[in-house]
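Colleague: Numbering of the sequence shown is given in the working numbering, commencing with residue 37 and proceeding in unit increments. Structure in structure tokens, see below.
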Amino acid sequence: MDVAVRPAGIDRPTSQPLSMAATPSSTVRVRSWNWANRWCGLQSPRDATTSTRAPSRCSSKASSDDLTADAERDGVTVVPATGHDIVPADLLAHATAELVTPVSDLVIAYDMQDFDMTRGTLRSAFAMMTGDQLSYVDGKWRPGEPPTNHTSVAFPRNAGPTPVMNWPGCEIVTVPHHVRTGQLSVVINASAATPEFFQLLQMSVDAVAEIVNGLPEGPTEERRPAAAFTIVADAVGSDGRRARGVLQGRDIYGCTAVIAVEAVRRLLSQPVQPGVLAPSEA
Numbered sequence: 037m038d039v040a041v042r043p044a045g046i047d048r049p050t051s052q053p054l055s056m057a058a059t060p061s062s063t064v065r066v067r068s069w070n071w072a073n074r075w076c077g078l079q080s081p082r083d084a085t086t087s088t089r090a091p092s093r094c095s096s097k098a099s100s101d102d103l104t105a106d107a108e109r110d111g112v113t114v115v116p117a118t119g120h121d122i123v124p125a126d127l128l129a130h131a132t133a134e135l136v137t138p139v140s141d142l143v144i145a146y147d148m149q150d151f152d153m154t155r156g157t158l159r160s161a162f163a164m165m166t167g168d169q170l171s172y173v174d175g176k177w178r179p180g181e182p183p184t185n186h187t188s189v190a191f192p193r194n195a196g197p198t199p200v201m202n203w204p205g206c207e208i209v210t211v212p213h214h215v216r217t218g219q220l221s222v223v224i225n226a227s228a229a230t231p232e233f234f235q236l237l238q239m240s241v242d243a244v245a246e247i248v249n250g251l252p253e254g255p256t257e258e259r260r261p262a263a264a265f266t267i268v269a270d271a272v273g274s275d276g277r278r279a280r281g282v283l284q285g286r287d288i289y290g291c292t293a294v295i296a297v298e299a300v301r302r303l304l305s306q307p308v309q310p311g312v313l314a315p316s317e318a
């Protein structure tokens, strides 16, 4: 398959879509500013270069609702957050939940080890942790901090239960679109948030931007593969049955690159359904 791909800058006019087509009948259109940044809640190209903002769960949910009709009308397929921290967990949650559906409680848990963040990841994490929160309880999305129902998770290969904390991942938005569950929680090993990061959370946006801008761009190529991760999906059916799915790997940023390219390849290889879709729906 020959696919011509051209990079789209954030200042590109929204009237000029970036087209990536395998055949005339299979086209994915990405309006570089209009779609990607409306999902993130940014209002202008300047916001993307000067702000530490990233999509909070509340803004992502609102953007998904607002953009669905527009995307369907324009024939645009929007699959947000196609990276390491959304796509694998979204797919894993779907496969695990199918074993015990309908599900009363679903937990997506991350165990991150030796993960050196890039400046972009730090900015996103700061915005996510300080932005509006969203929970999914009693089969409904609700604004506000999720309940702390899960304080530890038994990850494979870890000696004993691992303390975890709530993580404002976009799975709260994507997974209920294709999994019927009463409650959904997203958590991460508490040690992933270092004391230095908690100090950042107490600072102003401007102070954080100054500190982050002075850091190295990200881990070196030699250091990057050291980042190991485990993703667990624990599902409890309404009848008490339990199911667990586990995914493990290394090199978080390398995985993200592969996931993004594979997502485009798969969208181009089959009829494209327009709309805002979770990874498991695309």
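Positions of the beta carbon are idealized from the N, C-alpha and C atoms, including for glycine.
According to the neighbour-count rule (16 or more other Cβ atoms, all chains shown, within 10 Å of its Cβ), is A243 buried or exposed?
Modeller: Locating residue 243 in the sequence shown gives position 207, where the first residue counts as 1. A243 should be labelled exposed.
Colleague: List the DSSP bridge partners of V139.
Modeller: Within the sequence shown, the letter at position 103 stands for residue 139. Per DSSP, T217 and G273.
Colleague: Can you give the Cα-Cα distance for V223 and E253, rounded to whole angstroms?
Modeller: Along the sequence shown, one-based indexing puts residue 223 at 187. Along the sequence shown, one-based indexing puts residue 253 at 217. Distance between the alpha carbons of V223 and E253 is about 26 Å.
Colleague: Under the three-state reduction of DSSP, which class applies to N147: helix, strand or coil?
Modeller: Working through the sequence shown from its first residue, we reach residue 147 at position 111. According to the sequence as given, residue 147 is Asp; it is not Asn. Strand.
Colleague: Roughly how many angstroms separate the alpha carbons of A125 and I267, rounded to a whole number?
Modeller: In the sequence shown, the residue the question calls residue 125 occupies position 89. In the sequence shown, the residue the question calls residue 267 occupies position 231. Distance between the alpha carbons of A125 and I267 is about 7 Å.
Colleague: Out of G285, G250, L237 and G218, which one is the CA nearest neighbour of V173?
Modeller: The sequence position of residue 173 within the sequence shown is 137, counting from 1. Comparing Cα positions, the closest option is G218.
Colleague: Would DSSP call Q235 helix, strand or coil?
Modeller: Translated into the one-based positions of the sequence shown, residue 235 becomes position 199. In the structure shown, Q235 sits in a helix (DSSP, three-state: H, G or I).
Colleague: Do G119 and A296 have their C-beta atoms closer together than 8 Å?
Modeller: In the sequence shown, the residue the question calls residue 119 occupies position 83. In the sequence shown, the residue the question calls residue 296 occupies position 260. Yes, these two residues count as a Cβ contact at 8 Å.
Colleague: Pick out whichever of D147, P138, P182 and A195 has its Cα sitting closest to the Cα of M165.
Modeller: Numbered from its first residue, the sequence shown carries residue 165 at position 129. Closest by alpha carbon: P182.
Colleague: Buried or exposed: which applies to T187, given that a residue is buried once 16 or more other Cβ atoms fall within 10 Å of its Cβ?
Modeller: Sequence index remark: in the sequence shown, residue 187 carries index 151 (1-based). T187 is exposed by the Cβ-count criterion.
Colleague: Just curious, the beta strand (DSSP E) that N202 is in, first and last residue?
Modeller: Counted from its first residue, the sequence shown places residue 202 at position 166. From DSSP, the beta strand (DSSP E) with N202 extends over T198 to N202.
Colleague: Taking the alpha-carbon of S221 as reference, which of M148, E232, R193 and D141 has the nearest alpha-carbon?
Modeller: Locating residue 221 in the sequence shown gives position 185, where the first residue counts as 1. Taking only the C-alpha atoms, the option nearest S221 is D141.
Colleague: Is it right to say A314 is buried, meaning 16 or more other beta carbons lie within 10 angstroms of its own, or is it exposed?
Modeller: The residue given as residue 314 occupies position 278 in the sequence shown. Buried, by the Cβ-count rule.
Colleague: Inspect the beta-carbon positions of V334 and A107 and report whether they are closer than 8 Å.
Modeller: One cannot answer for residue 334 here, as it falls past the ends of the chain, which runs 37 to 318.
Colleague: When the Cα atoms are used, what is the spatial distance from M153 to A117?
Modeller: Stepping through the sequence shown from its first residue, residue 153 is reached at position 117. Stepping through the sequence shown from its first residue, residue 117 is reached at position 81. Their Cα atoms are separated by approximately 17 Å.
Colleague: Can you say whether E232 is buried or exposed, counting buried as having 16 or more other CB atoms within 10 angstroms of its CB?
Modeller: As a working mapping, residue 232 is identified with position 196 in the sequence shown. Exposed, by the Cβ-count rule.
Colleague: Can you tell me the Cβ-Cβ gap for F162 and L251, rounded? I've got them flagged as a contact below 8 Å.
Modeller: If you number the sequence shown from 1, residue 162 lands on position 126. If you number the sequence shown from 1, residue 251 lands on position 215. In fact, because the Cβ distance is near 12 Å, the residues do not count as touching under 8 Å.
Colleague: Would you report the Cα separation of D110 and P307, rounded to the nearest angstrom?
Modeller: Within the sequence shown, residue 110 is the residue found at index 74, counting from 1. Within the sequence shown, residue 307 is the residue found at index 271, counting from 1. Looking at the two C-alpha atoms, the distance is approximately 15 Å.
Colleague: Looking at L127: is its Cβ nearer than 8 Å to the Cβ of S316?
Modeller: Within the sequence shown, residue 127 is the residue found at index 91, counting from 1. Within the sequence shown, residue 316 is the residue found at index 280, counting from 1. Yes, the Cβ-Cβ distance between L127 and S316 is below 8 Å.
Colleague: What number of angstroms, rounded off, separates the C-alpha of H214 from the C-alpha of A271?
Modeller: What you label residue 214 is simply residue 178 of the sequence shown in a count that begins at 1. What you label residue 271 is simply residue 235 of the sequence shown in a count that begins at 1. Cα to Cα, the separation comes out at about 14 Å.
Colleague: When the distance is taken between beta carbons, is L170 closer than 8 Å to I208?
Modeller: Start at 1 with the first residue of the sequence shown, and residue 208 comes out as number 172. Start at 1 with the first residue of the sequence shown, and residue 170 comes out as number 134. Their beta carbons are under 8 Å apart, which means I208 touches L170 by this criterion.
Colleague: Going by C-alpha to C-alpha distance, which of C291, G281 and G290 sits closest to A131?
Modeller: By 1-based counting over the sequence shown, the position of residue 131 is 95. Here the closest residue by C-alpha is G281.
Colleague: For the alpha helix (DSSP H) containing G156, list its first residue and its last residue.
Modeller: For this step, residue 156 is matched to residue 120 along the sequence shown. It spans R155 to T166 - the alpha helix (DSSP H) in which G156 sits, taken as one unbroken run.
Colleague: Just verifying my parser: in three-state terms, what is the DSSP assignment at L313?
Modeller: The residue given as residue 313 occupies position 277 in the sequence shown. Coil, per DSSP.
Colleague: Assign N202 to buried or exposed, taking buried as 16 or more other Cβ atoms, counted over all protein chains shown, within 10 Å of its Cβ.
Modeller: Within the sequence shown, residue 202 is the residue found at index 166, counting from 1. Buried, because 16 or more other Cβ atoms sit within 10 Å of the Cβ of N202.
Colleague: Just to confirm my understanding: we take C291, look at its own chain, exclude 5 residues before and 5 after, and list those with CB closer than 7 Å. What are they?
Modeller: Residue numbering aside, residue 291 sits at position 255 when the sequence shown is read from its first letter. Contacts found: H120 and G285.
Colleague: Compute the distance between the beta-carbons of R277 and V189, then report whether it is under 8 Å.
Modeller: The residue labelled residue 277 in the question sits at position 241 within the sequence shown. The residue labelled residue 189 in the question sits at position 153 within the sequence shown. No, these two residues do not count as a Cβ contact at 8 Å.
Colleague: Comparing C-alpha positions only, which one of V200, Y289, A129 and V294 sits nearest to P262?
Modeller: Counting from 1 along the sequence shown, the entry for residue 262 is found at position 226. Sequence check: residue 262 is Ala here, not Pro. Nearest option by C-alpha distance: Y289.
Colleague: With a CB to CB cut of under 8 Å and the five nearest residues on each side skipped, what residues in its chain are close to R259?
Modeller: To locate residue 259, count along the sequence shown from 1; it is residue 223. Answer for R259: D152, listed in chain order.
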